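Numbering (my numbering), first residue to last: 53 to 263.
Backbone N, C-alpha and C fix where the C-beta goes; we use that ideal spot for every residue, glycine too.
All of these numbers come straight from a predicted model, not from anything done at the bench.
First comes the structure, then the notes that go with it.
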């Protein structure tokens, strides 16, 4: 059996997007390890890195294997990255915001973990009963969770950036998280919309670009 929707365009988009993500993550982890500042966000980035490598490998893998693998790795890369961003915000704003703000940030992290788990269960169920043919229920679930999660990732950094207790360097870190969230939002919504219309070759290409 051939790889899922294999084409030269998919290979180019997949290799370029995944390679950029993998190399930048490796650079980040090496730097964090060298400076001895490895924290929860870096552990999540490591997990996302492993899942991303598997996503890249699936471009050339038999579809009977890649369908199940991508059902797990696609959402895992995305949600691990989101969790990494929120934990970055938690670390940067530690001891500089009120207890209420910290609790809200931790609640966002917990909600991300719940949405991640729910999507994984839903996708694995579809793979078990419908041979991984993701329909509109999955598309709507992704769209709703994407909007909720990305809204949280956009609003939280903006709100915290206004905090006068943050140093200039920490404000730059918070704005970096905000910029990452905006980019993530643009691609995730486009992917979810195409998935609602139909599961096509373009949907898979957007999915690879998304992670």
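Option in 109, 120, 105, 136 with minimal Cα separation from residue 160: Residue numbering aside, residue 160 sits at position 108 when the chain shown is read from its first letter. The shortest C-alpha separation from residue 160 is found at 136.
Residue 166 burial status per 10 Å Cβ neighbour count (16 or more: buried): Taking the first residue of the chain shown as 1, we reach residue 166 at position 114. Exposed.
Option nearest residue 140 by Cα separation, candidates 91, 120, 196: Locating residue 140 in the chain shown gives position 88, where the first residue counts as 1. Checked all of 91, 120, 196; the closest Cα to residue 140 is 91.
Between the CA atoms of residue 199 and residue 190 - distance to the nearest angstrom: What you label residue 190 is simply residue 138 of the chain shown in a count that begins at 1. What you label residue 199 is simply residue 147 of the chain shown in a count that begins at 1. Computed Cα separation, rounded: 14 angstroms.
Cβ neighbour criterion (16 or more within 10 Å) applied to residue 68: In the chain shown, residue 68 corresponds to position 16, counting from 1. Classification of residue 68: exposed, given that the 10 Å Cβ count is below 16.
Member of 170, 99, 142, 75 whose CA lies at the smallest distance from the CA of residue 205: In the chain shown, residue 205 corresponds to position 153, counting from 1. Of 170, 99, 142, 75, the residue nearest in Cα terms is 142.
Contact belief for residue 131 with residue 168 at Cβ below 8 angstroms, rounded distance in angstroms: Residue mapping note: residue 131 aligns to position 79 of the chain shown, counting from 1. Residue mapping note: residue 168 aligns to position 116 of the chain shown, counting from 1. Yes, residue 131 and residue 168 are in contact; Cβ-Cβ is about 4 angstroms, under 8 angstroms.
Close Cβ partners of residue 138 (< 6 angstroms) along its chain, the five nearest in sequence each way excluded: Translated into the one-based positions of the chain shown, residue 138 becomes position 86. So the qualifying residues of the chain are 160, 161.
Nearest-angstrom Cα separation, counted from residue 153 out to residue 144: Position 92 of the chain shown, counting from 1, holds the residue named residue 144. Position 101 of the chain shown, counting from 1, holds the residue named residue 153. Approximately 13 angstroms, taken between the alpha carbons.
Spatially closest choice to residue 108 from 98, 83, 126, by CA coordinates: For the purposes of this step, residue 108 is identified with residue 56 of the chain shown, where counting begins at 1. Here the closest residue by C-alpha is 126.
Distance between beta carbons of residue 129 and residue 95, contact taken as under 8 angstroms: Taking the first residue of the chain shown as position 1, residue 95 is located at position 43. Taking the first residue of the chain shown as position 1, residue 129 is located at position 77. In fact, because the Cβ distance is near 15 angstroms, the residues do not count as touching under 8 angstroms.
Cβ neighbours of residue 193 in the same chain (closer than 7 angstroms, five flanking residues each side left out): Reading the chain shown from its first residue, position 141 is the one you call residue 193. The answer, listed in chain order, is 171, 174.
Residue 53 versus residue 197: straight-line alpha-carbon distance, rounded: Working through the chain shown from its first residue, we reach residue 53 at position 1. Working through the chain shown from its first residue, we reach residue 197 at position 145. Bear in mind that the predicted position of residue 53 carries a pLDDT of just 38, short of 50, making it too unreliable to give a figure here.
Whether residue 121 touches residue 101 by CB criterion (8 angstroms): Taking the first residue of the chain shown as position 1, residue 121 is located at position 69. Taking the first residue of the chain shown as position 1, residue 101 is located at position 49. Going by C-beta atoms, residue 121 is not nearer than 8 angstroms to residue 101.
Beta-carbon proximity list for residue 179, same chain, < 6 angstroms, skipping 5 on both sides: Here residue 179 refers to the residue found at position 127 of the chain shown. So the qualifying residues of the chain are 120, 123.
N- and C-terminal bounds of the alpha helix (DSSP H) containing residue 157: On the chain shown, residue 157 is found 105 positions in, with the first residue counted as 1. Looking at the DSSP string, the run of the alpha helix (DSSP H) that includes residue 157 is 151–182.
Where the alpha helix (DSSP H) containing residue 98 begins and where it ends: Residue mapping note: residue 98 aligns to position 46 of the chain shown, counting from 1. Note, residue 98: alpha helix (DSSP H), 92–109.
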